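**Student:** Sequential numbering from 7 applies to the sequence shown in the numbering used here.
The following block contains the structure, expressed as structure tokens.
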Amino acid sequence: MKDASVEEVILDISEKLGLHIHFYNYPTELNNLGGEWRIYLNQEQSKHDLWQDFGRSMAVYACYQMFLEGKATRELHNFHLYFCVPKFLMNQLSLCAQNMTREEIIHEISRVFHVEYDFAELRLQLHCAS
């Protein structure tokens with residue numbers, strides 16, 4: 007099985023959620039025109055930034071959906087971190103059991119999940135706090 011590109015993963019997730027994705031050369035944007043959600047992702051940025059922007063857009067989309075359902079949305083504060091680096095996948099990596107330094111763990115999270123170092127560091131902090 008070949009590894010999917012970041013763009014392919016984004017398109018697959020979006021298709022399953024019924025969201026329209028467009029890759030273009032301007033800043034990332036999420037909008038709801040005429041009742042249809044669209045995410046415009048800046049294709050000129052790095053794969054890490056593209057994936058993180060998609061995660062942030064998904065957080066806004068999820069927050070809006072929960073608001074419509076009358077549910078609290080403050081729980082979604084770190085949604086993009088969990089979306090881009092899911093807990094169950096971090097657990098499968100067993101990073102802490104591999105006798106790695108904190109910096110090595112952060113680099114591995116960054117590599118595996120296609121996120122920037124600072125993003126991986128924040129996600130590790132949340133993971134260790136849970």
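The C-beta atom is built at its ideal place from N, Cα and C for all residues, glycine as well.
Quantities reported herein were computed from a predicted structural model and do not represent experimental measurements.
To the nearest whole angstrom, what separates the beta carbons of Arg129 and Leu87, a pair I think is in contact under 8 angstroms?
**Tutor:** In the sequence shown, residue 129 corresponds to position 123, counting from 1. In the sequence shown, residue 87 corresponds to position 81, counting from 1. Between Leu87 and Arg129 the Cβ distance is about 5 angstroms, and since that is below 8 angstroms, they are a contact.
**Student:** For Gly76, does the count of other Cβ atoms within 10 angstroms reach 16, so buried, or fall short, so exposed?
**Tutor:** Numbered from 1 along the sequence shown, position 70 holds the residue referred to as residue 76. Exposed, since its Cβ has fewer than 16 Cβ neighbours within 10 Å.
**Student:** Beta-carbon separation of Gln58 and Phe29 under 9 angstroms?
**Tutor:** Taking the sequence shown and counting its residues from 1, the one referred to as residue 58 is at position 52. Taking the sequence shown and counting its residues from 1, the one referred to as residue 29 is at position 23. No. Outside cutoff.
**Student:** Measuring straight from C-alpha to C-alpha, what distance separates Thr107 and Gly41?
**Tutor:** In the sequence shown, the residue the question calls residue 107 occupies position 101. In the sequence shown, the residue the question calls residue 41 occupies position 35. Taking the straight line from one Cα to the other gives about 48 angstroms.
**Student:** What is the rounded straight-line gap between the Cα of Leu101 and the Cα of Ile111?
**Tutor:** What you label residue 101 is simply residue 95 of the sequence shown in a count that begins at 1. What you label residue 111 is simply residue 105 of the sequence shown in a count that begins at 1. The alpha-carbon atoms of Leu101 and Ile111 are separated by roughly 6 angstroms.
**Student:** Is DSSP giving Ser20 helix, strand or coil here?
**Tutor:** Indexing the sequence shown from 1 puts residue 20 at position 14. Of the three classes helix, strand and coil, the one that applies to Ser20 here is helix, per DSSP.
**Student:** With a Cβ-Cβ cutoff of 9 angstroms, do Leu56 and Ile19 count as a contact?
**Tutor:** Here residue 56 is taken as the residue at index 50 of the sequence shown, counted from 1. Here residue 19 is taken as the residue at index 13 of the sequence shown, counted from 1. No, the Cβ-Cβ distance between Leu56 and Ile19 is not below 9 angstroms.
**Student:** Measure the CB-CB distance between Ile45 and Tyr70 and report whether it falls below 9 angstroms.
**Tutor:** Locating residue 45 in the sequence shown gives position 39, where the first residue counts as 1. Locating residue 70 in the sequence shown gives position 64, where the first residue counts as 1. Going by C-beta atoms, Ile45 is not nearer than 9 angstroms to Tyr70.
**Student:** With H, G and I counted as helix, E and B as strand and the rest as coil, what does DSSP make of Glu42?
**Tutor:** As a working mapping, residue 42 is identified with position 36 in the sequence shown. Strand, per DSSP.
**Student:** Label Cys134 either buried or exposed according to how many other C-beta atoms from any shown protein chain fall within 10 Å of its C-beta, with 16 as the threshold for buried.
**Tutor:** The sequence position of residue 134 within the sequence shown is 128, counting from 1. By the 10 Å Cβ count, Cys134 comes out exposed.
**Student:** Candidates Leu25, Met64, Ser116: which alpha carbon is nearest Lys53's?
**Tutor:** Counting from 1 along the sequence shown, the entry for residue 53 is found at position 47. When each option's Cα is compared against that of Lys53, the closest is Ser116.
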